[in-house]
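In this note's numbering, the protein residues as written are 66 to 357.
Notes follow the structure.
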Ligand code: GUN
């Protein structure tokens, strides 16, 4: 069993990004990312802070907006309009999910698609579906595909099962794996909570992408001997034995699944660091495209 070290691969990508940032700076441009958080969700706060910190480490410009949960739709739209018009900002990310009174779709649609580094705007969703190289691809599936490429996992002709159908991970992941070219050319099945014989469908996978958002949902009976497993889940669960009283687990029951795998990503240290690395990559792309 090979452990796919997402942290190490992410660091390699950050070095590439750093080189691109320095080239842009030599041309008079500093890539800038705006990250917007509405409300106090602790996990979302932690993500937003690590995005902000990573920008600083790479010498990029970053602006962080931590807004109260009571922020109105109109105020949020006004902020997005200001960021769209701000030439120092090349990427805009509104942390999902927002509070229930916010219409997330309307917010995402207000973002200039050229600054939509999350790849959530309908224009970018369509471009990903079309295989348009100008698309912004959502960071988590892009990171998963890159992990497979870097780990030398052959996707061409493989049966990839994507467990989960979200707009953030499952759907774009399936599109990427079925595209022509490196990291693609797979035979893709999208499975979810309503799939009949879910363990059996997952067992038919050469490559299993677990993105169902349930702690340790994928048990040994879901996994064929010799499969490659990518665990997208980040779930905080109670852990009375630890000083914090909680710990992070993936969507995969790692201890029982790992011995069956050819390769598997850990949680933490697998997909998580890749998502941030791809966000920085997308922000540099946005800056390159907006300034050329
Ligand atoms: N919430 C969970 N993942 C993501 C992401 O990639 N982008 C945003 N904006 N929100 C998220």
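All C-beta atoms in this analysis are idealised placements derived from N, C-alpha and C, irrespective of residue type, glycine included.
All figures in this text were calculated on a predicted structure; none of them were measured in a lab.
- Distances taken from the Cβ of residue 231 to the heavy atoms of the ligand GUN include none shorter than 7 Å.
- Restricting attention to beta strand (DSSP E) runs no shorter than 3 residues, the region 132 to 176 encloses them at 156 to 159, ordered along the chain.
- When the five nearest sequence neighbours on each side are left out, the beta carbons in the same chain lying within less than 6 Å of the beta carbon of residue 175 are those of 142, 145, in order along the chain.
- Between the region 273 to 292 and the region 306 to 317, the count of C-beta pairs closer than 8 Å reaches three or more; the two stretches touch.
- A distance criterion of 7 Å places the beta-carbon of residue 183 in contact range of the ligand GUN, judged by its closest non-hydrogen atom.
- Using a cutoff of 7 Å, the CB of residue 209 does not count as near the ligand GUN, since none of the ligand's heavy atoms is closer than that.
- Shown here, residue 296 sits in a strand according to DSSP, grouped into three states.
- Note that the region 160 to 175 does not touch the region 124 to 132; fewer than 3 beta-carbon pairs, one per stretch, sit closer than 8 Å.
- Residue 99 and residue 156 have their C-alpha atoms some 6 Å from each other.
- Residue 166 is classed as exposed because its beta carbon has fewer than 16 other beta carbons within 10 Å across all chains shown.
- If only uninterrupted alpha helix (DSSP H) runs of at least 4 residues are considered, those enclosed by the region 246 to 316 are 263 to 268.
- Taking C-beta atoms as the reference points, residue 305 and residue 287 fail to come closer than 8 Å.
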